[in-house]
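All residue numbers for the sequence shown refer to our numbering, where the first residue is 1 and numbers rise by one. Positions of the beta carbon are idealized from the N, C-alpha and C atoms, including for glycine.
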Amino acid sequence: MKEWINKHLGWIGFIILILGVSVEFLYKSFYNIKLDFLSWLSFAIAGGIWTISDELKKEKPKIWFIYSVLIITLIIISVFIFV
1 MKEWINKHLG WIGFIILILG VSVEFLYKSF YNIKLDFLSW LSFAIAGGIW
51 TISDELKKEK PKIWFIYSVL IITLIIISVF IFV
């Protein structure tokens, strides 16, 4: 299972990005509700996932780099949600 996640982590980030942008587009088109933060939030999550995925594909991934990207991504997510 761990190998599958490491192999397909980039696709998971892409699916999150597409879902976030699609939901924002549908709400804006059909219900006239602006959810501008949703596309930025999904982009931040996908960017964090892609960065972690690239680091995990290296021969010797730096654990401190993965944790720092994870912490920064969580800070960005909390700013989008609570501000």
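Checklist line | From P61, L9, L38 and N6, residue whose alpha carbon lies closest to that of L19 | finding: Closest by alpha carbon: L38.
Next item on the list: Measure how close the beta-carbons of I45 and I16 come, nearest whole angstrom, since I'm counting them as under 8 Å.
Entry: Between I45 and I16 a beta carbon distance of about 5 Å is seen, short of the 8 Å cut, so the two are scored as contacting.
Note to self: Beta-carbon within less than 7 Å of W31's beta-carbon, same chain only, minus the 5 sequence neighbours each way: which residues are those?
What the structure shows: Reading off the sequence, residue 31 comes out as Tyr, not Trp. Taking Y31 as the centre and dropping the five residues before and after it, the same chain places no C-beta closer than 7 Å to its C-beta.
Notebook entry, point to check: Can we say the segment 20 to 27 touches the segment 65 to 79, given the rule of at least three CB pairs closer than 8 Å?
Noted result: Cβ pair count under 8 Å is below three, so no.
Notebook entry, point to check: With distances taken between CB atoms, is the gap from I12 to I49 smaller than 9 Å?
Noted result: Yes, the Cβ-Cβ distance between I12 and I49 is below 9 Å.
Next item on the list: Whole angstroms is fine: what's the gap from L9's alpha carbon to K2's?
Entry: Whole-angstrom Cα-Cα distance: 10 Å.
Notebook entry, point to check: Do you know offhand how far I5's Cα is from L56's?
Noted result: Note on geometry: alpha-carbon atoms of I5 and L56 lie some 11 Å from one another.
Margin query: Using a Cβ-Cβ cutoff of less than 7 Å, which residues in the same chain neighbour K34 once the five nearest sequence positions on both sides are dropped?
Written below: The residues are K28.
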